[in-house]
Amino acid sequence: MKAVDSYLDQHRDRFVRELCDYLRFPSVSAQPEHAPDMRACAGWLVDHCTRLGLEAELCPTAGNPIVLVRTPRQPGSKKPHFVVYGHYDVQPPDPLDLWVSPPFEPRVEGDALFARGSADNKGQHMAHINAVEAHLRTGTELPCDLTFLIEGEEEVGCTNLTPFLRKRRRELKCEAMVISDTGMPSPRHPALTYALRGIAAVEVIVHGPDRDLHSGIFGGSVDNPAMVLCQVLAQLRDRKGRITVPGFYDDVVKLSAYERKQMARLPFKESSERKFLGVPGMFGESGFTFVERRSARPTCEINGLTSGYQGAGSKTIIPSWARAKLTFRLVPDQDPATIARLVKAHLKDLCPPTVRLEVNAGHGGSPYLIDPTGPLAQASMRALKSAFECEPVLLREGGSIPIVNDFKRILGVDSLLLGLALPNANAHSPNEQFSLSIFQKGMRMSARLWPELVQAVERGKRPA
Ligand code: BES
Ligand code: ZN
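To get this note's numbering, take the position in the sequence shown, counting from 1, and add 84.
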């Protein structure tokens, strides 16, 4: 391990330069005009890994290519196999004017590397790739075979990864998936995330008159779609922060006293969070703490709201339509299809007959939960502790990585979530950043992870 550690330290600056090269690709999966950038970015990753002596493959899909990278292995290798998952696609950088420096021109300031995709997720999976490089270059044998599965559609729902998993099931057969695409509460609190929220996306469109109308001539006699939409949406949540959709909470598993106690120990203070976020007060479902609300309780959010005139000055119209994009974050055992159905029925009930309501269910993903006391989870905790020299914490995260359910369903394995993004990472926000010292510790963690996991696998196989 010494040789690997010192290699990682010696090559620190080059690792940062290479990550910057990777971050210069505007690999925004949501925007079709970036399709050539997606291909170029995937190509860069394949070339980079090939140069390291890895076997890298660019796998075309109906959408953005998937990159598969294998560590060198003996034919018929009996070593345990792990698959590291990550994504090279990033969220749109808008609004651009809020960035201190351009999102695709990486900038280092102190310990922070600013760029879109630095934390979510290029920096996080590069830490694992760099750790493998250190093994190869120092002649340190890896105790397991590794495959990297780096996709380009995570931020838009992983449409093409599910069929790919089915097609390549055999070669992706492994002991567990390893994913660094979540957070850690502070540099002194490395974390194993054992639960993620699920998601159900719903688009609501209220159709009124077949064209925009003069609001003086027709106002008062024709219903206003924007007003109806606001009235309907406002009824989705009550004063106590509870979601009013009938049946919404039916399948929610109650938090155990043990979990609530663990969450209370996390280093989050509501008052400092309030300042950090720039809000006059925090909000949430009554009866739950700040940490519980944002990670272990279901929610309803309006992500976007569009109607009528948005330009300078005013325009006196009754808009012809109004649209909202909603997402519901889900917890065990809520089912995204059931929730979308319940929401649709409730919205139809709330809507007056003076307009026409259209509700379209969008992407969905089930919530995810693993047993944090299992042998592989515990092995990951040991790797975190040794690399960060701090006691790791167990986290439930509010975000979603829907594909982990397919890893379970199709490949039959759990995902070990070892996130490296600090709370100030600004994922999906302007000025996204990644801590370079965490990047370095993440590489060490990766190097320590493989022997720990292999030991745990072998212990499990030994006859009792
Ligand atoms: N890395 C995030 C997921 C995440 C963030 C998990 C923070 C836990 C904590 C991922 O890239 C992401 O943004 N996922 C989307 C999924 C959605 C598009 C289906 C999300 O959570 O909004
Ligand atoms: Zn993301």
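Glycine residues also receive a C-beta, built at the ideal position from the N, C-alpha and C atoms.
DSSP places residue 371 outside both helix and strand once states are collapsed to three, so it counts as coil. Within its own chain, the residues whose Cβ lies closer than 7 Å to the Cβ of residue 210, once the five positions on either side in sequence are excluded, are 103, 106, listed in chain order. Contact check for residue 109 against residue 198 fails: the beta carbons are separated by 9 Å or more. At the C-beta level, residue 508 and residue 360 come within 9 Å of one another. For residue 229, the uninterrupted beta strand (DSSP E) segment begins and ends at 229–235. In the displayed model, residue 320 falls within coil according to three-state DSSP, outside both helix and strand.
Nearest in C-alpha terms to residue 495, of all of 382, 207, 510, 254, is 254. Close CB contacts of residue 427 within its chain, under the 6 Å cut and outside five residues either way in sequence, are with 286, 329 (chain order). Here the alpha carbon of residue 464 sits roughly 22 Å from the alpha carbon of residue 93. For the alpha helix (DSSP H) assignment, the uninterrupted runs of no fewer than 4 residues enclosed by the segment 233–318 are, from N- to C-terminal side, 245–251, 299–302, 309–318.
Counting every other CB atom within 10 Å of its CB across the protein chains shown gives residue 354 a total below 16, marking it as exposed. Between residue 154 and residue 142, the CB-CB gap reaches or exceeds 9 Å.
Of the residues 289, 368, 349, the one whose Cα lies closest to the Cα of residue 324 is 368.
According to the DSSP secondary-structure assignment, residue 442 is paired through a beta bridge with 289.
Membership of residue 191 in the beta strand (DSSP E) is indicated by the continuous run 191–193. Ranked by how close their Cα comes to the Cα of residue 487, the residues 156, 339, 170 have 170 in first place.
In the three-state scheme derived from DSSP, where H, G and I count as helix and E and B as strand, residue 528 is classed as helix. Closest in alpha carbon position to residue 86, among 224, 522, 466, is 224.
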